[in-house]
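To start, the structure itself, in structure tokens.
In our numbering, the protein residues as written are 7 to 306.
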């Protein structure tokens, strides 16, 4: 069975750069495997993917990598404009602690002008002035709020995404009220939940990315089944020869490769990464709410 012949969502990591040093990011937990700085997914490859046969059912273009912040990309607006021109919905995730309010106002006007495509910026802000920086290291809360307000005032659609920790759980309601006052449309909370350490191979795999019909495309051009294979993905034997890299093959050829067309779903129960994250006791499935989403979402 094909893993996903026609994806509905493509998650893009368009550079290797980030201004933050979040506590549990790959940059902190796997420093030996850090990517080089200033590596960028070529805009032409991005265009080719969006216009490919395999992307004919594509609905959502998501800018949300494992090691980058999209706002670090100098030509980000070109990516957004091209996506809008092709009629795609946009989901952009950011810590919002970079660029100027003027830039954010320009971004907000774009999203406002094309609201019929339901483009949204998801602001990852995990606390208030005295706590956000504990997890989002190297970010400034006042700068984030200034940028977010400029974006919202320009008509942009914004969601505030809040990861709950022991040091900020008492601030959830206060943050929600602030989000409402500022003009955010939703307030999303990723709740702290215990994760079982008893990882036992099981046939009860519920593949999160598979259900979402989604692939991850990294800054180096690699097309991966999900973010859980992002770390040191070149070490996996099934990616030997870099056949899954857009610098070597077209998106259509990659999606039709026998690994995605036949082998991945057959191997799910024997792949440690799949079992650990998407097995019955996996890290993702243990965190999903009743709607099979990572975040609890509240309309403001």
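Where a beta carbon is used, it is the ideal one built from N, C-alpha and C, also for glycine.
Note that this is a predicted model, so its numbers are computed, not measured.
Top-ranked residue by Cα proximity to residue i, from the options
i	options	result
residue 227	271, 12 and 47	47
residue 11	271, 305 and 276	271
residue 92	63, 79, 73 and 109	63
residue 94	76, 100, 68 and 73	68
residue 129	249, 192 and 275	192
residue 100	45, 302, 27 and 60	27
residue 55	261, 305 and 295	261
residue 239	40, 290 and 77	40
residue 136	219, 180 and 222	180
residue 71	263, 23, 249 and 148	23
residue 298	305, 290 and 220	290
residue 162	218, 113, 246 and 229	113
residue 42	53, 31, 30 and 21	21
residue 257	221, 241 and 233	221
residue 15	287, 106 and 232	232
residue 31	155, 66, 65 and 73	73
residue 87	157, 138, 115 and 282	115
residue 52	79, 183 and 252	252
residue 171	278, 13, 7 and 29	29
residue 110	158, 90, 131 and 138	158
residue 58	13, 160, 79 and 230	13
residue 33	242, 245 and 237	237
Backbone secondary structure at residue i - three-state DSSP
i	result
residue 113	helix
residue 17	strand
residue 118	helix
residue 263	coil
residue 97	strand
residue 129	strand
residue 177	helix
residue 298	coil
residue 291	coil
residue 251	strand
residue 282	helix
residue 172	coil
residue 184	helix
residue 41	coil
residue 134	coil
residue 329	In the structure as shown, the chain begins at 7 and stops at 306. Residue 329 is therefore absent and cannot be evaluated.
Range of the contiguous alpha helix (DSSP H) that encloses residue i
i	result
residue 151	147-159
residue 275	Residue 275 -> no alpha helix (DSSP H), and no H or E assigned at all.
residue 35	32-35
residue 86	82-91
residue 140	138-141
C-beta atoms of residue i and residue j nearer than 9 Å
i	j	result
residue 292	residue 199	yes
residue 235	residue 19	no
residue 81	residue 49	yes
residue 169	residue 146	no
residue 194	residue 140	no
residue 125	residue 177	no
residue 189	residue 164	yes
residue 4	residue 284	Since the first residue of the chain shown is 7 and the last is 306, residue 4 is not available in this structure.
residue 250	residue 265	yes
residue 75	residue 153	no
residue 248	residue 9	no
residue 127	residue 98	yes
residue 294	residue 214	yes
residue 167	residue 301	yes
residue 77	residue 104	yes
residue 156	residue 107	yes
residue 282	residue 210	no
residue 102	residue 66	no
Span of the beta strand (DSSP E), counted from its first residue to its last, around residue i
i	result
residue 302	302-305
residue 193	192-196
residue 9	Where residue 9 is concerned, there is no enclosing beta strand (DSSP E), given that its DSSP letter is neither H nor E.
residue 189	It is not in any beta strand (DSSP E) - residue 189 carries neither H nor E in the DSSP assignment.
residue 166	164-169
Heavy atom of the ligand MG within 8 Å of residue i beta-carbon
i	result
residue 275	The ligand MG is not among the ligands present in this structure, which contains no ligands whatsoever.
is_contact[residue i, chain B] using C-beta, thresh 9 Å
i	result
residue 61	Reference to chain B is not applicable here, since this structure consists of a single protein chain.
Contained alpha helix (DSSP H) runs [length at least 4] in the segment 46-77, N- to C-terminal order: With a minimum length of 4 residues, the continuous alpha helix (DSSP H) runs that stay inside the segment 46-77 are 49-56.
Runs of alpha helix (DSSP H) wholly within the segment 206-246 (minimum 4 residues, chain order): As far as the segment 206-246 is concerned, its whole alpha helix (DSSP H) runs of at least 4 residues are 214-218.
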